[in-house]
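Student: Got a structure for you, written out below as structure tokens; questions coming shortly.
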Amino acid sequence: ELIWSDGDDGADDKRDEYWNAPEFLAWYATNSTVAETAIWNDRWGTNCRHGAFFTCHDRYQPGKLMDKKWENALTPDPHSWAFNRRTNGTQYLSVEYF
């Protein structure tokens, strides 16, 4: 059971405390009804430390082989995650970029 959170916003550098991430994820991974199959991303605080896989920030590229699975969350539009009428065709990221 996957939880893909985007809860890395909150109270300054204590975001994981703000979201109660350590407590919630400890329960989710050990005592929830889906604990045997539970996975989650790491956007529960700062510094990529609470997840079953890394999604540190948008367009995350570690630049090296990682010991842990990771996700590069990005969109072809370099300016927006939604439809943006101001982006013209030449501004989209290229196939080579991906």
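The sequence shown begins at 1391 in my numbering and counts up one residue at a time.
Idealized CB from N, CA, C, for every residue including glycine.
(1) Could you tell me which residues DSSP puts in a beta bridge with W1394?
(2) Apart from the five residues just before and just after L1392, which ones in its own chain have a Cβ nearer than 6 Å to its Cβ?
(3) Three-state secondary structure (DSSP) at W1417?
(4) Assuming F1443 contacts K1458 (C-beta within less than 8 Å), just tell me the rounded distance between them.
(5) Please report the straight-line C-alpha distance between E1461 and N1431, rounded to a whole angstrom.
(6) Kindly identify the DSSP beta-bridge partner or partners of W1430.
Tutor: Short version:
(1) Note: W1394 sits in no beta bridge, so no partner.
(2) I1429
(3) helix
(4) 7 Å
(5) 9 Å
(6) I1393
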